[in-house]
Every structure is written in structure tokens, then in C-alpha cells.
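Below is one structure, written out as C-alpha cells; comments come after it.
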Amino acid sequence: MATIITDEQLAEFRLKLRERRTDCMREIRHKLRGTEHERYIDLVGSAHDVADESVADLLADLGILEIDRMVREVNDIEAALLRIAHRTYGVCIDCGDGIAYPRLAAYPTVKRCQPCQMRYERTHAGVGQASM
Ligand SMILES: [Zn+2]
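Everything in the sequence shown is counted per our numbering, starting at 98 for the first residue and increasing by one.
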């Protein structure tokens, strides 16, 4: 259960993630504006528990995959911010080891250390998001 990043770095990631979330939200709203999907704007980024999955599914069903991808990114960011709040950020969800700082810096929403990510991708080939 070794977190190998400092409080200062944690604060840095929090800021970075929040900025990225703001950018994503702005982009999502921009893309939805003026479309028939405008009514979904309020759904996006509201409650981030159960609702998120269904919003993402809905957008995928509507064929707005680019927006869907961004909604998923926002979900990942929300999850990362939650891990920061719970002091579990930077800890691999599979093995519990600390994730190296350079890896986090490159992929701030990353949930696994490199060996676990590679193992995960081997067993879930072609499923879910692009590899990190
Ligand atoms: Zn791991």
C-alpha cells in the first residue's frame, strides 16, 4: 500500500485533472449545443454514480461516439479525483503497489501500474478504452 507520490504532487494532479475535466465539459457542451441532443447537456457531468454509465450508454446509442469518449474521460477524471480524496490515488487497483510518478504524469487517470495494465490488456484484448 505504498503511495510513492508526495502531497505536493497529489495537489498538482488534482489541479491538472480539474482543468482537464473543465475542458472536456466545455467541449461536450459545445458539441451538444444546437443539436437535437441538447437536452442531454444537463445529464452530462451531473451525478457521478449510477447515472454516468447510463448517460454514456445513451450517447453511444445516439451515435455520438466522440462525445461518448469524452464523457468516459470525464468519468475517469471523476474517479481519479475521488481516489485523490480517498488518498488511494497513485495506487494500482490490481496489486496495490504505488504507480510510478512519470506514468501518472503521462496518464493522470491511470488506475494500474504498468505490469498490471499489460496483464489486463492481454486478458481484455479489444475491450474498453485504448491502451495506455
Ligand atoms: Zn499493479
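Note that CB positions come from ideal geometry on N, CA and C, so glycine has one too.
Bear in mind that the values here come from a model prediction, so they are computed numbers and not experimental data.
Option nearest residue i by Cα separation, candidates the options
i      : options                        : result
Asp165 : Arg126, Gly195, Glu109         : Arg126
Val188 : Leu114, Thr206, Arg118         : Thr206
Ile190 : Lys208, Ile174, Leu112, Val171 : Lys208
Cys121 : Val171, Ala182, Arg219, Leu112 : Val171
Leu179 : Leu114, Asp104, Ile102, Ile101 : Leu114
Ile161 : Thr185, Leu129, Arg216         : Leu129
Arg118 : Arg169, Leu107, Tyr198         : Arg169
Leu107 : Gln214, Pro199, Met215         : Pro199
Phe110 : Arg123, Glu124, Glu163, Ala182 : Ala182
Tyr204 : Glu163, Arg123, Tyr186         : Tyr186
Glu163 : Cys213, Glu124, Ala222, Glu116 : Glu124
Beta-bridge partners of residue i, as assigned by DSSP
i      : result
Val188 : Gly195
Counted within 10 angstroms of its Cβ, other Cβ atoms place residue i as buried (16 or more) or exposed
i      : result
Ile80  : Residue 80 cannot be examined here, being either before or after the span of the chain that is shown, 98 to 229.
Cys192 : exposed
Ala177 : buried
Met167 : buried
Gln211 : exposed
Leu112 : exposed
Asp104 : exposed
Ile174 : buried
Arg219 : exposed
Ile101 : exposed
Met215 : exposed
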